[in-house]
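First comes the structure, then the notes that go with it.
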């Protein structure tokens, strides 16, 4: 039988039952799993399958199927995540362009697709074709002039409001868990917390649909974070099809870790970065087997997305770059400055966003989520439309900022004054003086930077799907491009300065502004999330800029150092603490000299610890104890006088055991004696039939002495994933420490509000 409660033995869950009863070994909503128990259950299951596989060919085949089920789940997750990501990309592309116009030849074509199919498109006017018409052309027959501009402006705002209202309404009515980024909750779930419905089918469906709507509305958010949530929903769905994962919460979390890797793989076209992201940022327990499976899931997801080819460029990467100039050592100084900017921006964003989200939770503002989304969308659309750099989608903006200025570029950012005598090859254009278009672009980018910094603070955390990767990268890319153009012009006009003399001769192609945008994007994303290794790998996979790893590393490390100087928490950890989830971060250090006796309950002046005795309580006594308390479990002692510890019984399994005993075992009544020993106690004649519950008793609960340093206790909870730990002295039970007690003590020692930890 599957052994749910016994940590050191095998056999049936209950002596009087031949089969395990439903829901045994499961957990209540908003409670933490017991990692040791889940590991023990899986070991028992595996041992049973291995022993049975030698009995017959059929059992051997079943054991092979069980061994391969993990790889099958990974294959399914990769296929589903890649397909959904491709559909989302295509839908976002079309709906973003729908705000500005429509394709007459086929309304489901985006602007780019519409002009691809046109035979009348010229190279110089490749964004204009007769088949694509702006709303003003379609409705009033005018493409230029004040009336056309006002009509297009008005319809842009209306479409944005329509998309945002539909998204927030769907989330509010059908799937409240589909809001936000999802990564803080995924991190908490992977650490062992139960949030039922968070990875459900409705959440998957609504998050996929509303993600398209909110990104298309033009709000300052991205789809990359929510795609991790979408992939984990796929992982949860497919793991429920296999009993190996559906009946073991620990094994299920291994699948979810791999699904998170697949989510980042399709979000950025970065399979290796996805695996490292799962390892560095979201996973709590990441064995080597999970690493291989994450790699496979990310590979399948990336291959599926590549087959769909949503970007139409036959490349997996979102912002492919092809720079022809190497970087020089002197450029490390501006790269490090961009790292400092990223760290400062990350600190500013986290503090302001958390303050705003706390205000939303504690004031009347939180009662009107639909109105908040509508107001923020209206403000965003009204301010964004006049500026060409904020009007377009954020992904398109980043792509343009990353681009190098070739001879065929028509962007304002590439409006340089050309030397008519230049005879160099097309891909090696020398540094040139900036033209009027570049100066116009600079002040427009400066306005876009201020706008993005401010509006993202208020957008992230609303009751809609909202990712943070792309807005953070946009802030950094804008700042980086401006710095890059500044350094380029400085090098052109002052090439005789000592810092430029060695590597930047007149007529040479010295500085690549697009590289600065790439480095700035990495710095700002690192400042907000505190990622380092996975960030650098994601960035070079995202752009294809393998040669520029060192600048990316310098910026990422600098931004982390600067941001850590103001606070160790990244945005996801900050939101976890804001929501009061019981997340014991591996990165947190505990250096205070407190002891287990300072943290355990009961404390001085409190009622004594609620315990069960091994053979002297009746069914009614146990039911009364369960009814009067809300503890997750109870220590079992020899007697209330001796308080010698025997084991630990889970509340949920006690309830289920007594309920099933009353239904299935004759003679069990309210005054039946409950015993946890191997042999029944001596009872007077005519006593009701006793109830043996030894099989639900954990005979080896984790214990520490009252003088164990809390530093050690915190380490034990963190590394073993415990729910609770019993405190003893010479075998006598003194008290209990739960995960919530540890987290509250850590908050108290850090001068934070311990009551902010709300869940078990």
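Numbering (my numbering), first residue to last: 514 to 1273. We put the beta carbon where it would ideally sit given N, CA and C, even for glycine. Computed from a predicted model, the values in this text were never measured in an experiment.
Distance from residue 926 to residue 918 at the Cβ level is roughly 7 Å; contact confirmed, criterion being Cβ atoms closer than 8 Å. Nearest in C-alpha terms to residue 674, of all of 655, 1134, 899, 727, is 727.
Leaving aside the five residues that flank residue 756 on each side, none in its chain has a CB nearer than 8 Å to its CB. Per the DSSP secondary-structure output, residue 1163 pairs in a beta bridge with 1146. For residue 970, same chain residues with a beta-carbon under 7 Å away, outside a window of 5 residues either side, are 862, 865, 866, 869 in chain order. Contact between the region 1038 to 1048 and the region 977 to 992 is present, with at least three C-beta pairs closer than 8 Å. When rounded, the separation of the alpha-carbon atoms in residue 1203 and residue 1176 is 15 Å. By a beta-carbon distance limit of 8 Å, residue 601 does not contact residue 810. Their separation comes to about 18 Å. In terms of Cα proximity to residue 1086, the closest of 1042, 1225, 1119 is 1042. The region 723 to 741 makes contact with the region 974 to 985, as at least three CB pairs between them are under 8 Å. In its chain, beyond the 5 residues on either side, 1109, 1110, 1240, 1242, 1247 have a beta carbon closer than 6 Å to the beta carbon of residue 1219.
Straight-line spacing of the CA atoms in residue 821 and residue 604 works out to 13 Å. As the crow flies, the alpha-carbon of residue 753 is around 21 Å from that of residue 791. Within the model, the alpha-carbon separation for residue 599 versus residue 742 is close to 16 Å. Cβ-Cβ distances below 7 Å link residue 723 to 680, 683, 684, 691, 977, 978 in the same chain, with the five nearest sequence neighbours on each side left out; the list follows chain order. Here residue 977 carries a coil assignment [DSSP, helix/strand/coil]. By the neighbour-count definition (other C-beta atoms within 10 Å, threshold 16), residue 797 is a buried residue. Residue burial annotation: residue 622 is buried, with at least 16 other C-beta atoms found within 10 angstroms of its C-beta. In the three-state DSSP reduction, residue 1188 falls in the strand class (E or B). Annotated three-state conformation of residue 1272 is coil, per DSSP. Following the DSSP letters along the chain, one finds residue 626 inside the alpha helix (DSSP H) bounded by residues 624 to 629. Boundaries around residue 699 are those of the alpha helix (DSSP H), 696 to 703, since no beta strand (DSSP E) includes it. Judged by their CB atoms, residue 718 and residue 702 are not nearer to each other than the 9 Å cut-off. Scanning 746, 946, 897, 975 for the CA closest to the CA of residue 880 turns up 975. Contact check for residue 597 against residue 729 fails: the beta carbons are separated by 9 Å or more. Residue 1245 has 1157, 1242 as its beta-bridge partners, per DSSP. Between the alpha carbons of residue 947 and residue 931 lies a gap of roughly 9 Å. Residues 1026 of the same chain have their beta carbon placed closer than 6 Å to that of residue 998, with the five preceding and five following residues left out of the count. Annotated three-state conformation of residue 1236 is coil, per DSSP. Counting only runs of at least 3 residues, the region 880 to 926 fully encloses no beta strand (DSSP E) element at all.
Collapsing the DSSP output to three states places residue 1252 in a helix.
Residues 786, 789, 790, 793 of the same chain have their beta carbon placed closer than 6 Å to that of residue 1047, with the five preceding and five following residues left out of the count. Going by C-alpha positions, residue 900 is about 16 Å away from residue 659. Judged by DSSP secondary structure, residue 746 falls within the alpha helix (DSSP H) whose first and last residues are 737 to 752. A residue is called buried when at least 16 other Cβ atoms come within 10 angstroms of its Cβ; residue 898 meets this threshold and is buried. Counting other Cβ atoms within 10 Å of its Cβ, residue 778 reaches 16 or more and is therefore classed as buried.
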